[in-house]
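The structure appears below as structure tokens.
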Amino acid sequence: MFTPLVQVALGGAIGASARYLTGTAMLRLLGPGFPWATLAVNVLGSVLMGILVVALAHGGNRFAPLLMTGILGGFTTFSAFSLDAYALFERGQTGLAAAYVAGSVGLSILGLIAGIMVARSLI
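Letter by letter, the sequence shown follows residues 59 to 181 in the numbering used here.
In structure tokens:
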């Protein structure tokens, strides 16, 4: 059987390829102007993460590295973010879940802006 690292690497290649194909298809179907592809992979990835969490909990998790970290991680990291937020909420840590969501989104946008500013100052 493949080691977890090999599963993640293989799954990542599959997930990244699926993301690229989804982006290409959404652009052809709906055109530019709105990030439909990103929205689609984030929502679909989150749905698939929900299905996998339940399925793997009932059937054993030996394929979790391939499916969850690899394929879904390559497809969208938003699915892991969604799972983490829901896990906090499900444990009754509603305030912490809200802080995690707000912090993740807000700090990620600020990080993007910082990266753009640094890159622009160097180029």
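Heads up, the beta-carbon is just placed ideally off N, CA and C, and yes, glycines get one too. Only a predicted model underlies this, so the values are computations on that prediction, with no experimental measurement involved.
Item: Backbone secondary structure at Asn119 - three-state DSSP; Value: coil
Item: DSSP three-state assignment for Phe139, whether helix, strand or coil; Value: helix
Item: Proximity below 7 Å, CB of Leu170 to CB of Tyr158; Value: no
Item: Backbone secondary structure at Pro93 - three-state DSSP; Value: coil
Item: Coil, strand or helix - Gln65 by DSSP; Value: helix
Item: DSSP state of Phe133 mapped onto helix, strand, coil; Value: helix
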